[in-house]
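See below for the structure under consideration.
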Amino acid sequence: MAVGGAILVAVAVLSVAAPLFAGDALTMKPAERLRPPSGVNWFGTDHLGRDVFARTVYGARVSLIVGLTVAILSVSLGLLVGLLAGYFRRVDAVVMRLMDGLMSIPGILLAIALVALTRASVTTVIAAITIPEIPRVVRLVRSVVLSVREAPYVEAAISGGTPVPRILMRHILPNTVAPLIVQATYICASAILIEAGLSFLGAGTPPEIPTWGNMIAQSRLFLSRAPWTIFCPGIALALVVLAVNLLGDGLRDRLDPRLARRM
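So, in structure tokens, the structure goes:
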């Protein structure tokens with residue numbers, strides 16, 4: 001967990017401080033195209049003479065923004081719907097049929113369709129990735145609510161006439177925090193990968209915005225001549241996704257009482 005957290009903090013700091021040291025990621029210098037890594041261009045240049053290091057660092061911004069925003073939105077919306085579905089039996093049937101319908105549609109296809117129907121932007125990509133993630137959170141929260149709702153202290157609160165909002169906030173919501181934190185890390189990693197895939201396919205963020213996916217897509221024809229143009233963003237993508245998953249696994253081990261006792 002410490003390793004994953006350290007990598008994410010380092011990447012976040014680099015992306016935020018990029019204007020101070022990374023240089024210009026958009027300026028094209030045809031005379032310097034496909035130059036190998038050097039002291040001037042640490043990761044070399046691409047087919048348009050743009051600095052690969054600067055573009056890789058700025059690309060981290062998009063990936064982290066998309067990953068964190070999708071995780072926050074999907075967990076927030078999924079938590080609200082899951083609490084209602086798990087506690088109110090009449091709402092449960094309708095909500096779960098709707099969630100089953102959303103889960104039956106491949107997430108990447110739904111994302112591509114939504115992006116194709118609207119203007120390409122980071123906001124559209126975030127919405128396209130968030131929608132398929134919500135049902136997974138709803139099912140997780142609902143399962144927790146159904147198990148906790150049968151607990152003696154919750155039944156006693158219901159019998160005593162405790163208001164429903166108080167029961168949900170005081171007795172049920174705290175039990176969802178640990179699994180939701182772990183789920184949020186996996187959603188973040190998945191969102192980063194999906195955003196890169198959409199950008200690679202040309203259905204993600206606009207081409208003028210540096211992202212790891214469109215960097216790989218734009219440089220794939222130059223793999224044999226300039227492998228650094230693909231390897232650098234590709235390694236960055238793999239490293240960040242690995243770091244998020246390591247963080248999620250570590251949090252799961254710490255927050256799950258059964259696993260914590262074995263450690």
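Mapping to UniProt numbering: the sequence shown position 211 is 211, numbers consecutive.
By construction, the Cβ of each residue, glycine as well, lies at the ideal position given by its N, Cα and C atoms.
Using the Cβ count rule (16 or more neighbours within 10 Å means buried), how would you classify residue i?
| i | result |
| --- | --- |
| E195 | buried |
| R90 | exposed |
| P233 | buried |
| P132 | buried |
| P135 | buried |
| G59 | buried |
| L251 | buried |
| V115 | buried |
| T27 | exposed |
| V3 | exposed |
| G78 | buried |
| S190 | buried |
| V40 | exposed |
| R170 | exposed |
| L8 | buried |
| L198 | buried |
| I31 | Before going on, a small fix: residue 31 reads as Ala here, not Ile. It is exposed - the Cβ of A31 has fewer than 16 other Cβ atoms within 10 Å. |
| L109 | exposed |
| G67 | buried |
| A111 | buried |
| A113 | exposed |
| V177 | exposed |
| V94 | exposed |
What's the C-alpha gap between residue i and residue j?
| i | j | result |
| --- | --- | --- |
| R262 | S224 | Interpretation of R262 is limited by its pLDDT of 46, a score under 50 that renders its predicted location unreliable; the figure taken from the coordinates is listed afterwards. Each residue's Cα considered, the two are about 49 angstroms apart. |
| A54 | V70 | 25 angstroms |
| A22 | A236 | 15 angstroms |
| V16 | P210 | 14 angstroms |
| W212 | V52 | 10 angstroms |
| L242 | Y153 | 40 angstroms |
| D24 | G44 | 13 angstroms |
| A260 | M99 | For A260, the predicted structure reports a pLDDT of 46, less than 50, and the residue's modelled location is therefore unreliable. A value from the coordinates is still provided. Using only the alpha carbons, I get a separation of about 32 angstroms. |
| A184 | R35 | 40 angstroms |
| V11 | V148 | 39 angstroms |
| Y186 | A156 | 35 angstroms |
| M96 | E150 | 20 angstroms |
| V62 | S159 | 50 angstroms |
| P124 | G107 | The question names Pro, but residue 124 is Thr in the sequence shown. Cα to Cα, the separation comes out at about 14 angstroms. |
| G248 | V182 | 5 angstroms |
| A6 | D92 | 41 angstroms |
| I216 | I105 | 27 angstroms |
| N245 | L255 | 15 angstroms |
| P165 | A238 | 42 angstroms |
| R220 | P37 | 18 angstroms |
| P19 | L73 | 28 angstroms |
| I129 | F88 | 28 angstroms |
| T162 | L180 | 25 angstroms |
| V57 | L14 | 7 angstroms |
| V137 | W228 | 38 angstroms |
| G49 | L173 | 53 angstroms |
| H47 | F222 | 8 angstroms |
| L146 | L168 | 12 angstroms |
| N214 | F231 | 13 angstroms |
Pull up the DSSP beta-bridge partners for residue i, would you.
| i | result |
| --- | --- |
| T45 | D51 |
Quick check: is the beta carbon of residue i nearer than 8 angstroms to any beta carbon in chain D?
| i | result |
| --- | --- |
| P206 | The displayed structure is made up of one protein chain only, and chain D is not part of it. |
Check whether the segment 78 to 85 touches the segment 135 to 142, counting contact only when three or more Cβ pairs, one atom from each stretch, lie closer than 8 angstroms.
Two segments are said to touch when three or more pairs of C-beta atoms, one from each, lie closer than 8 angstroms; by this definition the segment 78 to 85 touches the segment 135 to 142.
For the segment 5 to 84, list the beta strand (DSSP E) runs that are entirely contained and at least 3 residues long, ordered along the chain.
Complete beta strand (DSSP E) runs here, min 3: none at all.
Taking only runs that begin and end inside the segment 99 to 183, name each unbroken alpha helix (DSSP H) of 4 or more residues, in chain order.
Counting only runs of 4 or more, we get 107 to 117, 122 to 149, 152 to 159, 164 to 167.
Cβ contact (3+ pairs, closer than 8 angstroms) linking the segment 104 to 121 and the segment 190 to 206
Taking 8 angstroms as the limit for Cβ pairs, the verdict is that the segment 190 to 206 does touch the segment 104 to 121.
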